[in-house]
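Shown next, in structure tokens, is the structure this report addresses.
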Amino acid sequence: MWKLEIAEGNGPWLLSTNNFIGRQIWKFDNEASPISNGQGAQTQYFHPNFNSHRHHVRPSSDGLKNFQLIKENNVDLSIEPVRFEEDEEVKNEKVEIALRKAFRFLSATQASDGHWPSENSGPLFCLPPLVMVLYLTGTTDIVLSSEHKREILRYIYNHQNKDGGWGFHIEGHSIMMNTTLNYVALRLLGEGTDGGKDRAVEKARNWILDHGGATMVPSWGKAYLSVLGLYEWSGCNPMPPELWLLPSYLPLGPARLWSYMRNFFAPLSYLYGKKFVGPISELIVSLRDEIYNQSYDTVDWNKARHLCSEEDVYLPFPRVQILLWDYLYYIVEPVLNCWPFSMLREKALQIAMKVVHYEDENTRFLTQGSTQK
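The sequence shown begins at 1 in full-length UniProt numbering and counts up one residue at a time.
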């Protein structure tokens, strides 16, 4: 049974300056019996109930978490709800009842350390890269138990749109980047090419191929796929780590970037500078055949640099941006890879990694978000 643990940690790989107050993690207890403590029927209810209504109500509404906290806090929530008819005069009596009911619910769902836990329901681009990193490092089965894998698969499938794709967020229309990343994550977790309920994996693959294949993934997704070996770095627009050598007062200096963009650019520029690619396994070779409309070896990677699915384009690329990318690709990048200019790259890579380590240590390895990890 899954249980929410509050303000716990205290291990060699986890640091805290406030005794882990505000930390919330789910742990699976193999020895706990949900039937004996009365939670069996409730916990069995939440999964199918959310699944059957997932296209109408996208967030999970924290049903399981709220149920556990309400039971632990033992707060009476039996106050009847109040209703106001149209044009009805609002009276203090009904307002007081509504406020009392709201206050009791807040008290009932407050954690023991004082904070209110909640799911970060929204972006659908955070989970697939985690699965990719675990696969690349060979730690999938070490970090993820069978129960973790089951819940990850459930989460991904539950947020799949009716057309087979995934949106940028849980309310969004299907886009190429998240559909491709989530499809790859499903396969890395062991799902077959026709896996999932009602052949959900096949539907996702068909969506990808029907919309042009993985060459239509935007730049961010292209970088993820390149690291995994499902795309070529030569098909990515340059992300030169040499920008870290620029003085901070210059407009192009990474120090001038918005914090989220800066913290994301640091590791990404390092990977681009290294042209890092993980081991090419049989599964990776199979995926290369699954997500492209042509043979992987025949893809024109230079042409693919500027390709992007129309579902992923929120604003058209300015001509000057395309010219800048081409200038970096055809002129700057070849020069920086030749001696003695290659020495600049080595120095820039060291600075980029220093920024990554600084951000980790400065935030006690929480960082500003999950994307830079």
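Virtual Cβ for every residue (Gly too), placed ideally from N, Cα, C.
Since this is a predicted model, take the numbers as computed values, not measurements.
Rounded to whole angstroms, how far is the Cβ of residue i from the Cβ of residue j, which I believe are closer than 8 Å?
{"i": "Q372", "j": "N263", "result": "5 Å"}
{"i": "L77", "j": "F105", "result": "6 Å"}
{"i": "V277", "j": "S234", "result": "At roughly 11 Å, the Cβ-Cβ gap does not stay under 8 Å, so V277 and S234 are not in contact."}
{"i": "G167", "j": "N161", "result": "6 Å"}
{"i": "K354", "j": "L245", "result": "At roughly 12 Å, the Cβ-Cβ gap does not stay under 8 Å, so K354 and L245 are not in contact."}
{"i": "S269", "j": "A352", "result": "5 Å"}
{"i": "Y260", "j": "Q368", "result": "6 Å"}
{"i": "W325", "j": "N182", "result": "27 Å between Cβ atoms; not a contact."}
Please report the straight-line C-alpha distance between residue i and residue j, rounded to a whole angstrom.
{"i": "P12", "j": "L336", "result": "41 Å"}
{"i": "V299", "j": "V184", "result": "19 Å"}
{"i": "K101", "j": "P81", "result": "8 Å"}
{"i": "S309", "j": "K3", "result": "41 Å"}
{"i": "residue 381", "j": "S370", "result": "Lying before the first or after the last residue shown, residue 381 is absent from the chain, which here runs from 1 to 373."}
{"i": "T109", "j": "D62", "result": "10 Å"}
{"i": "G165", "j": "E93", "result": "49 Å"}
{"i": "I170", "j": "L344", "result": "42 Å"}
{"i": "L188", "j": "K149", "result": "11 Å"}
{"i": "G221", "j": "R23", "result": "30 Å"}
{"i": "L307", "j": "Y231", "result": "13 Å"}
{"i": "L14", "j": "L257", "result": "29 Å"}
{"i": "L323", "j": "K303", "result": "14 Å"}
{"i": "N120", "j": "A266", "result": "24 Å"}
{"i": "N51", "j": "L127", "result": "19 Å"}
{"i": "I21", "j": "E5", "result": "11 Å"}
{"i": "A98", "j": "F84", "result": "11 Å"}
{"i": "F341", "j": "K275", "result": "17 Å"}
{"i": "V333", "j": "G273", "result": "Note on identity: in this sequence residue 333 is Glu, with Val being the wrong assignment. Roughly 10 Å between the two C-alpha positions."}
{"i": "H56", "j": "Y327", "result": "47 Å"}
{"i": "E282", "j": "E151", "result": "25 Å"}
{"i": "I284", "j": "S107", "result": "49 Å"}
{"i": "D194", "j": "A7", "result": "41 Å"}
{"i": "S248", "j": "L287", "result": "42 Å"}
{"i": "I79", "j": "D163", "result": "42 Å"}
{"i": "S60", "j": "H53", "result": "10 Å"}
{"i": "H331", "j": "L366", "result": "Correcting the residue identity first, residue 331 is Ile in this sequence and not His. Going by the C-alpha atoms only, they are around 38 Å apart."}
{"i": "N145", "j": "S295", "result": "For clarity, residue 145 is Ser in the given sequence; the question names Asn instead. Distance between the alpha carbons of S145 and S295: 35 Å."}
{"i": "residue 374", "j": "S16", "result": "Examination of residue 374 is not possible in this model, given that the chain is present from 1 through 373 alone."}
Is any heavy atom of the ligand ATP found at a distance shorter than 7 Å from the C-beta of residue i?
{"i": "Y249", "result": "As far as ligands go, the structure on display features none, and thus does not contain the ligand ATP."}
Let me know if residue i comes out buried or exposed under the rule of 16 or more other beta-carbons within 10 Å of its beta-carbon.
{"i": "V143", "result": "exposed"}
{"i": "I280", "result": "exposed"}
{"i": "V95", "result": "exposed"}
{"i": "D210", "result": "exposed"}
{"i": "S36", "result": "Residue placement at S36 cannot be trusted, given a pLDDT of 48 that sits under 50; what the coordinates show is reported in the next sentence. Result: exposed."}
{"i": "W116", "result": "exposed"}
{"i": "L271", "result": "buried"}
{"i": "W339", "result": "exposed"}
{"i": "Y358", "result": "exposed"}
{"i": "R364", "result": "exposed"}
{"i": "E311", "result": "buried"}
{"i": "N362", "result": "exposed"}
{"i": "K203", "result": "buried"}
{"i": "K65", "result": "buried"}
{"i": "I208", "result": "buried"}
{"i": "L315", "result": "exposed"}
{"i": "L186", "result": "buried"}
{"i": "P129", "result": "buried"}
{"i": "F103", "result": "exposed"}
Smallest Cα separation from residue i: which of the options?
{"i": "S219", "options": "T367, R305, R345, S121", "result": "R305"}
{"i": "L153", "options": "A352, N120, N237, E191", "result": "E191"}
{"i": "P123", "options": "E151, R54, A108, I156", "result": "I156"}
{"i": "D113", "options": "T137, E85, E72", "result": "E72"}
{"i": "Q68", "options": "V57, R54, S118, H55", "result": "S118"}
{"i": "T137", "options": "I331, L228, F341, L287", "result": "L228"}
{"i": "E147", "options": "P48, A7, M1, Y329", "result": "M1"}
{"i": "W301", "options": "L283, E282, Y329, I284", "result": "Y329"}
{"i": "R205", "options": "S248, T179, S145", "result": "T179"}
{"i": "M216", "options": "I79, H56, V313", "result": "V313"}
{"i": "I70", "options": "S16, N49, G212, A111", "result": "A111"}
Practice task
Kindly confirm or deny that the region 281-292 and the region 251-270 touch, where touching means at least three C-beta pairs closer than 8 Å.
Solution key: no
Practice task
State whether the region 317-324 contacts the region 173-184, with contact taken as three or more CB pairs (one from each stretch) at a distance under 8 Å.
Solution key: no
Problem - Cβ pair count under 8 Å reaching 3, the region 192-212 against the region 233-250 - result: no
Practice task
Report yes or no: do the region 83-93 and the region 132-143 share at least 3 C-beta pairs separated by less than 8 Å?
Solution key: no
Exercise for the section: Determine, using beta-carbon pairs with one atom in the region 126-135 and one in the region 18-30, whether at least three such pairs fall under 8 Å. Expected result: no
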